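Remember, the working numbering sits 35 above the position in the sequence shown when you count from 1. Note that beta-carbon positions come from the ideal geometry of N, C-alpha and C, so glycine has one too. This structure is a prediction, so every number in the text was calculated from the model and none was measured. Presented below is the structure to which this report refers.
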Amino acid sequence: ALDQQNRDAFMSLLLNQVKQHNTALIFVSHDLRLADKFSRVEALPKINRVGRSH
36 ALDQQNRDAF
46 MSLLLNQVKQ
56 HNTALIFVSH
66 DLRLADKFSR
76 VEALPKINRV
86 GRSH
């Protein structure tokens, strides 16, 4: 786990690289505070179909 300052620096670097190279990013995290950094967010419990009755 990163402290807030290092987390923010890492996210900035990562997202700048994604933008600079015009690439897609699939990012998985338990930290919901990062959700606003992305244009699309999926909650795994919402899309997980294992164990659901039909």
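Exercise. Which class does Asn51 belong to by DSSP, given the choice of helix, strand or coil?
Worked result: DSSP, reduced to helix, strand and coil, places Asn51 within a helical segment of the structure shown.
For this session: Select from Phe73, Ile82, Leu69, Arg75 the residue whose C-alpha is nearest the C-alpha of Leu37.
Result: Leu69
Exercise. So, helix, strand or coil for Ala59, using DSSP?
Worked result: Coil at Ala59, not helix or strand.
Exercise. According to the Cβ coordinates, are Leu60 and Leu49 closer than 9 Å?
Worked result: yes
Exercise. Which stretch, first to last residue, makes up the alpha helix (DSSP H) that contains Leu79?
Worked result: 79 to 82
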